[in-house]
Amino acid sequence: MERLRHGREVGRLRNLGVVVNLEGPMGPVWRANSTPGGPGGGCRVMGLGSALPSTRVTNADLEGFLDTSDEWIVSRTGIRERRVAGPEENLLSLAARSARACLAAASVSPQEVDTIICSSSSPDETFPSLACRLQAELGCPLGPAFDIQAACSGAIYGLAMAQSLIQSGMSRRVLVVAAEIFSRLVDWSDRSTAVLFGDGAGAFLVGGPADPGSEILALELGADGRGAAALGTQAVSPDPQSLPGMPDYTSSQRSLGRVVTMNGREVFRFSTRILEQVVARLAQSAGMTTSEITLVVPHQANSRILATAAGRLNYPIERFVSNVERTGNTSSASIPLALAEGAAGGLCHDGDMVCLVAFGAGLTWGGLLLRWGSMGVAVDDPRGPA
Ligand SMILES: CC(C)(COP(=O)(O)OP(=O)(O)OC[C@H]1O[C@@H](n2cnc3c(N)ncnc32)[C@H](O)[C@@H]1OP(=O)(O)O)[C@@H](O)C(=O)NCCC(=O)NCCS
């Protein structure tokens, strides 16, 4: 087993390739790199799909009922608009659209998916899980289906679980779906959070080393629960505060019984630091320098976080894929959404080193390095390409 330079090796999980637990600068971190030809080898991402609701809410729309301005929102976050689910949409319908897009792009039928993992920070049910409902909706075989909660890092946590299940031999084809309807979790009368978030879903299909697609070269998962208070939710009365001019889509606010709370500055500090560190550690895990990373697809929290991290890495901002301007922060759906749009727009080429980095409430983080290989990508956006 490889011993990482700053690491404290504590064990190897059987059949999982190289797995190292180490004391990182922020505490113990779970890291793995896929050993080509080793047990399980590098799993492949075989397909990617994303889905957005059609209702578009611009900053000007928010100006209509919140004490805010397009100038404030754009200069602090880079966000110009976000999508909001309509009354006829729910988490399952968004998740199913992204999953169908993903499977069609990968030319894999739902019957070939043996495991489903869903991530959501805005679940509309405590149980049954979104994954179980999605399994029935898609008509997948009766394999395991479960949800994970790692906030905005959920898609990367899901990909890591998928890799582990495939490498251990428990699963062959794992569908990882991240879906969020934050418009039902934000307090639309709170300008400090309402302007930040949006709705959407993204799905990855993960297969084994013999499958076509993009190879997972390295991954990292971590959490620092000492920062749990920085970003979370709190219970509220079911009666939303109504502001003059509030449009229809805000009527579902607080329908989940909780609203988002955040210490923006603390989250900002954490996000910029962890983003830079994870890119560097993934490059190190894969035996390369950060200059060899072709593209970074970060969690789309806001463009100031991305610009700060890109600067620290000495990257031109173009190396960071971003669609936050048009989607806002879609929590765990943001990475598959940004990657799908970027790849569909021709940003990714065979052999590119593509680094996905997530961070969010918990505080959690996760990173994954892909060697891009030809794979199907589909974007389901009723408004058409950006
Ligand atoms: C949220 C964030 C944009 C706020 O920017 P900031 O520069 O830290 O702003 P502050 O919170 O200090 O607020 C500055 C002022 O703007 C006001 N303000 C807050 N939201 C506003 C809005 N939407 N419109 C206008 N003014 C606003 C505040 O009330 C405050 O006013 P005051 O000085 O009179 O008290 C920034 O902290 C951030 O990006 N944090 C990370 C958030 C994030 O990405 N979270 C999700 C991670 S997964």
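Counting from 1, position 175 in the sequence shown corresponds to residue 163 in my numbering; the numbering is continuous, with no gaps.
We treat Cβ as the ideally placed atom computed from N, Cα and C, and that holds for glycine.
Do you know offhand how far Arg85's Cα is from Asp368's? As a working note, residue 85 is residue 97 in the sequence shown. As a working note, residue 368 is residue 380 in the sequence shown. Arg85 and Asp368: Cα-Cα distance of roughly 7 Å.
Taking the beta strand (DSSP E) that Pro286 falls in, what are its first and last residues? On the sequence shown, residue 286 is found 298 positions in, with the first residue counted as 1. Following the DSSP letters along the chain, one finds Pro286 inside the beta strand (DSSP E) bounded by residues 283 to 286.
Mind listing, in chain order, the continuous alpha helix (DSSP H) runs of no fewer than 4 residues lying wholly within the region 213 to 276? Runs of the alpha helix (DSSP H) spanning 4 or more residues and lying entirely within the region 213 to 276 occur at 252 to 273, in chain order.
Just checking my contact of Leu263 with Ala297 at CB under 8 Å: how many whole Å lie between their CB atoms? Residue 263 sits at position 275 when you count from the first residue of the sequence shown. Residue 297 sits at position 309 when you count from the first residue of the sequence shown. 4 Å between Cβ atoms; contact.
Alpha carbon to alpha carbon, how far is Ala138 from Gly213? Give it in angstroms, no decimals. For the purposes of this step, residue 213 is identified with residue 225 of the sequence shown, where counting begins at 1. For the purposes of this step, residue 138 is identified with residue 150 of the sequence shown, where counting begins at 1. The alpha-carbon of Gly213 is positioned some 11 Å away from that of Ala138.
Between the CA atoms of Thr318 and Asp187 - distance to the nearest angstrom: What you label residue 187 is simply residue 199 of the sequence shown in a count that begins at 1. What you label residue 318 is simply residue 330 of the sequence shown in a count that begins at 1. Their backbone Cα atoms lie some 5 Å apart in a straight line.
Using the Cα positions of Leu294 and Thr260, report the straight-line distance between them to the nearest angstrom. In the sequence shown, residue 294 corresponds to position 306, counting from 1. In the sequence shown, residue 260 corresponds to position 272, counting from 1. Taking the straight line joining both Cα atoms gives about 7 Å.
Who are the Cβ neighbours of Ser95 in its own chain at under 7 Å, not counting the five residues just before and after it? Against the sequence shown, residue 95 aligns to sequence position 107. So the list reads Gly364, once near-sequence residues are dropped.
Pick helix, strand or coil for Arg85, following the three-state DSSP scheme. Position 97 of the sequence shown, counted from the first residue, corresponds to residue 85. In the structure shown, the three-state DSSP call for Arg85 is helix.
Beta-carbon proximity list for Val162, same chain, < 7 Å, skipping 5 on both sides: Position 174 of the sequence shown, counted from the start, is the residue given in the question as residue 162. Thr103, Ile105, Ala150, Leu153, Ile154, Val194, listed in sequence order.
Which of helix, strand or coil DSSP assigns to Trp60: Against the sequence shown, residue 60 aligns to sequence position 72. Helix at Trp60.
Look up Ile323 in the DSSP assignment and say whether it is helix, strand or coil. By 1-based counting over the sequence shown, the position of residue 323 is 335. Collapsing the DSSP output to three states places Ile323 in a helix.
Beta-carbon contacts of Glu280 that lie in its chain and below 8 Å, excluding the five residues immediately before and after: Here residue 280 is taken as the residue at index 292 of the sequence shown, counted from 1. Scanning its chain for C-beta atoms nearer than 8 Å, with the 5 sequence neighbours on each side dropped, one finds around Glu280 the residues Ala271, Met341, in chain order.
Rounded to the nearest angstrom, how far is the Cβ of Trp360 from that of Gly330, given a contact under 8 Å? The sequence position of residue 360 within the sequence shown is 372, counting from 1. The sequence position of residue 330 within the sequence shown is 342, counting from 1. Contact doesn't hold; Cβ gap of about 11 Å is too wide.
Where the alpha helix (DSSP H) containing Leu351 begins and where it ends: Within the sequence shown, residue 351 is the residue found at index 363, counting from 1. Annotation: Leu351 is outside any alpha helix (DSSP H) and is labelled neither H nor E by DSSP.
Is it buried or exposed for His337, if we count other Cβ within 10 angstroms and need 16 for buried? By one-based count along the sequence shown, residue 337 stands at place 349. Exposed is the call here.
By the 10 Å Cβ neighbour count, where 16 or more other Cβ atoms means buried, how is Thr114 classified, buried or exposed? Reading the sequence shown from its first residue, position 126 is the one you call residue 114. Flag for Thr114 reads exposed.
Inspect the beta-carbon positions of Arg179 and Asp55 and report whether they are closer than 7 Å. Sequence index remark: in the sequence shown, residue 179 carries index 191 (1-based). Sequence index remark: in the sequence shown, residue 55 carries index 67 (1-based). With contacts defined by Cβ atoms closer than 7 Å, Arg179 and Asp55 form a contacting pair.
Looking only at its chain, what residues have a beta carbon closer than 6 Å to the beta carbon of Asn251, apart from the 5 residues adjacent to it on each side? Within the sequence shown, numbered from 1, the residue matching residue 251 stands at position 263. Answer for Asn251: Ala218, listed in chain order.
Can you say whether Arg269 is buried or exposed, counting buried as having 16 or more other CB atoms within 10 angstroms of its CB? Here residue 269 corresponds to residue number 281 of the sequence shown, with the count starting at 1. By the neighbour-count criterion, in which a residue is buried when 16 or more other Cβ atoms sit within 10 angstroms of its Cβ, Arg269 is buried.
Assign Glu168 to buried or exposed, taking buried as 16 or more other Cβ atoms, counted over all protein chains shown, within 10 Å of its Cβ. The residue given as residue 168 occupies position 180 in the sequence shown. The residue is buried, with at least 16 neighbouring Cβ atoms inside 10 Å.
Does the region 125 to 135 come into contact with the region 345 to 354, if we say contact requires no fewer than three beta-carbon pairs (one atom in each stretch) closer than 8 Å? Touching, no, given that fewer than three Cβ pairs across the two stretches are closer than 8 Å.
Do Leu325 and Val183 have their beta-carbon atoms positioned less than 7 Å apart in this structure? Walking along the sequence shown from the start, residue 183 turns up at place 195. Walking along the sequence shown from the start, residue 325 turns up at place 337. Not a contact, by the Cβ cut-off of 7 Å.
So what does Thr46 bridge to, in DSSP terms? The residue given as residue 46 occupies position 58 in the sequence shown. DSSP output for Thr46 lists Glu69 as bridge partner(s).
Any heavy atom of ligand 1 closer than 6 Å to the beta-carbon of Thr56? Within the sequence shown, numbered from 1, the residue matching residue 56 stands at position 68. Short note on Thr56: C-beta closer than 6 Å to some heavy atom of ligand 1.
Ser291 by DSSP, collapsed to three states: which one? For the purposes of this step, residue 291 is identified with residue 303 of the sequence shown, where counting begins at 1. It is helical.
Let me check you understand the geometry: is the CB of Arg253 closer than 6 Å to at least one non-hydrogen atom of ligand 1? If you number the sequence shown from 1, residue 253 lands on position 265. Under cutoff, so the answer is yes.
Rounded to whole angstroms, what's the CA-CA distance from Gly201 to Val284? Just pull it up for me. Within the sequence shown, numbered from 1, the residue matching residue 201 stands at position 213. Within the sequence shown, numbered from 1, the residue matching residue 284 stands at position 296. Cα to Cα, Gly201 sits roughly 18 Å from Val284.
Return the bridge partner residues of Cys106 from the DSSP annotation. Your numbering for residue 106 matches position 118 in the sequence shown. Per DSSP, the beta-bridge partners of Cys106 are Asp135, Val165.
Reducing DSSP to helix, strand and coil, say where Cys343 ends up. On the sequence shown, residue 343 is found 355 positions in, with the first residue counted as 1. Strand.
Residue from Ser320, Gly74, Ala83, Gly30 with nearest C-alpha to Gly37: Walking along the sequence shown from the start, residue 37 turns up at place 49. Looking at the Cα atoms, Ala83 is the closest of the given residues.
Collapsed DSSP secondary structure at Ala191 in the structure displayed: Taking the first residue of the sequence shown as 1, we reach residue 191 at position 203. Three-state DSSP puts Ala191 in a strand.
Using only CA atoms, which one of Cys120, Ala89, Glu77, Leu126 lies nearest to Ser328? Within the sequence shown, numbered from 1, the residue matching residue 328 stands at position 340. Just to set this straight, residue 328 is Ala in the shown sequence, not Ser. Of Cys120, Ala89, Glu77, Leu126, the smallest CA-CA separation from Ala328 is found for Ala89.
Taking the DSSP output, what are the residues bridged to Ala39? Indexing the sequence shown from 1 puts residue 39 at position 51. By DSSP's assignment, Ala39 forms a beta bridge with Ala189, Asp368.
Would Pro111 pass as a contact of Arg71 if the rule is Cβ separation under 7 Å? Locating residue 111 in the sequence shown gives position 123, where the first residue counts as 1. Locating residue 71 in the sequence shown gives position 83, where the first residue counts as 1. Not a contact, by the Cβ cut-off of 7 Å.
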